[in-house]
Amino acid sequence: MMKVLNDQTYVKLLCARPIMPLGRDIGYLPGDKDDKLKAWMQPIFDNMAYLLSNRLSGETNEAKSHAQLSSVEQRMQQLIDSGQVVLEPLTYIRGRSIPHQFMIVDEAQNLTPHEVKTIASRVGEGTKLILTGDATQIDNPYLDSSSNGLSYLVERLKG
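Using the working numbering, you'd call the opening residue of the sequence shown number 148 and step up by one each time.
Printed below as a string of structure tokens:
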């Protein structure tokens, strides 16, 4: 976030996750794209809140902590409203070119090798692509710890 907000090395922070439910899907979600994505992107929001908070200073005052949480949530919303932070599903990435962005793809272990190649080929000039995940925590029933996109990419980039 520092490279986007402070250093302005990148135009925006783009966070994406595959839409892979754990267990039975709950079906239709009301609202616009952002409303629908909020549940899927909550892990990203949690990490953003952690990075934007001052909790690392060891404050224990509950009222101060509540006020801080409110201001962190407001700051996160400002970043999203300004377009400096963009949350997107990977579903609509095909055909795009993504230049000068810091792109984080979370839960990459749930992607196929083909999907990872599709994402990587969308990265434009000046973009940094970060894939995160744990190859042992796969929710996609068609993948395993060695056949998933994250493991595929690690093996391809060795050497």
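No residue lacks a Cβ here, since even glycine has one placed at the ideal position from N, Cα and C.
Check	Outcome
Cβ neighbour criterion (16 or more within 10 Å) applied to residue 155	exposed
CA-to-CA distance, residue 235 to residue 182, given in whole angstroms	12 Å
N- and C-terminal bounds of the beta strand (DSSP E) containing residue 285	Element bounds for residue 285: n/a, residue is neither H nor E.
Contact the region 180 to 194 vs the region 261 to 272: 3+ CB pairs below 8 Å	no
Cβ neighbours of residue 260 in the same chain (closer than 6 Å, five flanking residues each side left out)	296, 299
Residue 198 versus residue 223 - alpha carbon distance	10 Å
Cβ-based burial, residue 149 [other Cβ within 10 Å; buried from 16]	exposed
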